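**Q**
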Amino acid sequence: MPEKHFCVHGHFYQPPRVDPFTGEIPQEYGAEPYPNWTEKIYHSCYLPNANAGNFEKISFNIGSTLTHWMEREHPETLQAIIQQENAVTARLGISNGMAQPYYHIIMPLSNRRDKTTLVRWGLHDFQRMFGHLPQGMWLPETAMDLETLDVLAEEGMQFTILAPWQAKRPDLDFTRPYRIALPSGRSMGVFFYNSFLSGEISFNPVATENADRFVHDWLQPQMAFIQRDGPQFYLAASDGELYGHHQPYRDMFLAHLLDGAVESQGILRSYPAGWLRDHPLDQTAEVLENTSWSCHHGIERWRDVCGDAPDATWKKPLREFLSGLCEAVDQVFVELSDGLLEDPWQARDDYAQVITDKVNPNEFVRAHAKKDLSIEETNMLKNLLAAENERLRMLSSDAWFFYDLDRIEPLNALKYAAHATYLTRLASGKDVSEALLPIISRAQSKASGLHGDMAFLSYLSRFQLNY
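Numbering-wise, the sequence shown is residues 4 to 470 according to our numbering.
Encoded structure:
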């Protein structure tokens, strides 16, 4: 009888809720009795899962916007998560943690330079947190194209996780990972998760009421379908917040599932990185570019109207406005840093040191300078690099996920856009948003009537008053 291995992957993430005016998360309606949703979800999910030791039992990724909040608000819980991952690394020589691009951006909608920066920032933050690099990287919404996979490979990643419908062939055996050949000559390992098990865990509360019953009624029947020799790897992937927040007490379900229920039936607990080490890739596959795990129309949800949000006509102008702003901010950055920085884009890639390591911005700029800088030049470069950070943050996928413009997620994107615009103006005297205002004016909330340009300009004027 072939060996059967089982793994649960949890994608833990919270969007950047921080108000750039205050540096704090504001009071959020509906999060009572807690001040905001991140705090509420912490108490129902992150804390109990850490207390149960689940971060040692599962494969997981945890977004930087969440870990930075936890580092500040609940450092003891973050330390427990780190210790659990470190225990796996010490025991097995591989990590059960996966990195994630620093901001939760739909990677196929970004250019290669942005993809590289986001991956490097994410890897830098993972290494800072856990003390070593991972073997794999989770992609936001599992959205990918071949260029994204190539960037992962170029930065040393061995694998990622995708949905089964992202494979070109629907009849693949998804109990093994595959090697994806890339145009550059590099390759990337891909684990396709089990659609049925992942869907039942995510959307059927009955399935996760009892761990022993889940193994008997859901997991073992799935395993019986596959009739082939050789070891098999079954992967269930879901939002980590399912375990305690979306479904109460599922942290306890997860704890027993992976510390008793599975192994009592002769099923082995495993991790993707460990599987790859012990079972080198010997099968190839192809993927469908511009696809994701959470949009039935590829990646349209994050740039236009699609069947998942048929009335969201505001999404396209928001995407076009922010994309245009990215280009304008970048152009000023390149023009003004020429002759001052040794390599402007390398400086941006290294800027994670300022964001995550709290390196002094003045010292950072001087370390990357091509010559001795005046105070004015130093301040200008500091503002330009800070603008680059904001213009990456404003692209977080949450801005387009839901159905209306007048929500915290798209409005936060416009706040970060206003901040990037203001910082660029401080550095250059140029208003990089003016020519783009007709585009964002076309974005309108169906619920409140709010126009995107009204929101953006109000935020921009607030920065001008506050600085």
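Don't be surprised by glycine CBs; every beta carbon is placed ideally from N, CA and C. Values in this document were obtained by computation on a predicted structure and should not be read as measured data.
Strictly by DSSP, which residues pair up with H14?
**A** In DSSP, H14 forms a bridge with N64, D242.
**Q** Is it the case that the Cβ atoms of P180 and M147 are separated by a distance below 8 Å?
**A** Cβ atoms of P180 and M147: not closer than 8 Å.
**Q** From the DSSP secondary-structure annotation, give me the bridge partner or partners of Y181.
**A** In the DSSP output, where bridge partners are listed per residue, Y181 has V193.
**Q** For M488, count neighbouring Cβ atoms within 10 angstroms of its own Cβ and tell me buried if that reaches 16, exposed if not.
**A** Absent from the model: residue 488. The displayed extent of the chain is 4 to 470, so no value can be given.
**Q** Skipping 5 residues on each side, what residues in its chain have a beta carbon closer than 6 Å to that of A331?
**A** V435, listed in sequence order.
**Q** Going by the beta-carbon positions, is the gap between S451 and D409 smaller than 8 Å?
**A** Yes, the Cβ-Cβ distance between S451 and D409 is below 8 Å.
**Q** Within this structure, are the beta carbons of R396 and P78 separated by less than 8 Å?
**A** For R396 and P78, no; Cβs fall outside 8 Å.
**Q** Going straight from the alpha carbon of L185 to that of Y45, what length do you get?
**A** Distance between the alpha carbons of L185 and Y45: 39 Å.
**Q** So A355 and H127 are in contact, right, with Cβ under 8 Å, and what is the actual spacing, rounded?
**A** The pair is a contact, with the Cβ atoms about 4 Å apart (cut-off 8 Å).
**Q** Pick out whichever of N415, T427, T25, L429 has its Cα sitting closest to the Cα of G455.
**A** It is N415.
**Q** Output yes or no for whether 8 Å exceeds the beta carbon distance between C48 and G202.
**A** Their beta carbons are not under 8 Å apart, which means C48 does not touch G202 by this criterion.
**Q** Under the DSSP definition of a beta bridge, which residues are partnered with G100?
**A** For G100, which the question treats as bridged, DSSP gives the partners F63.
**Q** Closest to P313 by C-alpha separation, out of F324, S326, C298, would be which residue?
**A** Cα-wise, what sits closest to P313 is C298.
**Q** Quick check: the Cα distance between G485 and H12, rounded to an integer number of angstroms?
**A** Nothing about residue 485 can be reported from this structure: the residues present for the chain run from 4 to 470 only.
**Q** Look at the alpha carbon of T119 and the alpha carbon of G277, and state the distance between them as a whole number of angstroms.
**A** Distance between the alpha carbons of T119 and G277: 26 Å.
**Q** Is it true that the CB of L121 sits closer than 8 Å to the CB of I109?
**A** Result no, Cβ atoms of I109 and L121 do not sit closer than 8 Å.
**Q** Would you mind stating whether R189 and D153 have Cβ atoms separated by less than 8 Å?
**A** Yes; because the gap between Cβ atoms is below 8 Å, this pair is in contact.
**Q** Check the DSSP bridge columns for Y237 and list the partner residues they point to.
**A** Its beta-bridge partners are F9.
**Q** Could you give the DSSP three-state label for L50: helix, strand or coil?
**A** Here L50 sits in helix by DSSP.
**Q** Out of R428, I443, K449, S448, which one is the CA nearest neighbour of Q467?
**A** Of the listed residues, the one whose Cα sits closest to Q467 is R428.
**Q** DSSP has L165 in a bridge; who is on the other side?
**A** Answer is F195, bridged to L165.
**Q** DSSP three-state call for I109: helix, strand or coil?
**A** Three-state result, I109: coil.
**Q** Using the three-state DSSP reduction, which class does H371 fall into: helix, strand or coil?
**A** Residue state, collapsed to three classes: coil.
**Q** Determine contact between the region 359 to 375 and the region 280 to 290, defined as no fewer than three beta-carbon pairs at a distance below 8 Å.
**A** No, because fewer than three Cβ pairs between the region 359 to 375 and the region 280 to 290 fall closer than 8 Å, the two stretches do not touch.
**Q** Excluding the 5 residues preceding and the 5 following E393 in the sequence, name in chain order all residues of the same chain whose CB lies nearer than 6 Å to its CB.
**A** Closer than 6 Å at Cβ, skipping near neighbours: Y419, H422, A423.
**Q** Is it a yes or a no for the region 155 to 164 touching the region 192 to 201, going by three-plus beta-carbon pairs under 8 Å?
**A** Yes: the two stretches touch, three or more of their Cβ pairs being nearer than 8 Å.
**Q** Could you have a look at C329 and say whether DSSP puts it in helix, strand or coil?
**A** It is helical.
**Q** Could one say the Cβ of E393 lies closer than 8 Å to chain B's Cβ atoms, at least one of them?
**A** Protein chain content of the structure displayed is limited to a single chain, and chain B is not contained in it.
**Q** Restricting to Cα atoms, I'd like to know which of K318, H300, W317 is closest to G310.
**A** Residue H300 is the option with its Cα nearest to G310.
**Q** Run through the region 283 to 362 for me and flag every whole alpha helix (DSSP H) of 4 or more residues, listed as ranges in chain order.
**A** Taking only runs of at least 4 residues, the alpha helix (DSSP H) segments lying wholly in the region 283 to 362 are 318 to 340, 347 to 353, 355 to 358.
**Q** Going by DSSP, name the residue or residues bridged to A170.
**A** V290, per the DSSP bridge assignment.
**Q** What whole-angstrom Cβ distance do C10 and F228 have, given they're in contact under 8 Å?
**A** The Cβ separation is near 18 Å, so there is no contact.
**Q** Check this for me: beta carbons of F199 and Q225, under 8 Å apart or not?
**A** Yes, they are a contact pair.
**Q** If the criterion is Cβ atoms closer than 8 Å, does the pair I204 and L245 meet it?
**A** A contact, by the Cβ cut-off of 8 Å.
**Q** Does the Cβ-Cβ distance between I443 and F459 come in under 8 Å?
**A** Yes, the Cβ-Cβ distance between I443 and F459 is below 8 Å.
**Q** Determine whether the beta carbon atoms of I85 and M140 lie at a separation below 8 Å.
**A** Their beta carbons are not under 8 Å apart, which means I85 does not touch M140 by this criterion.
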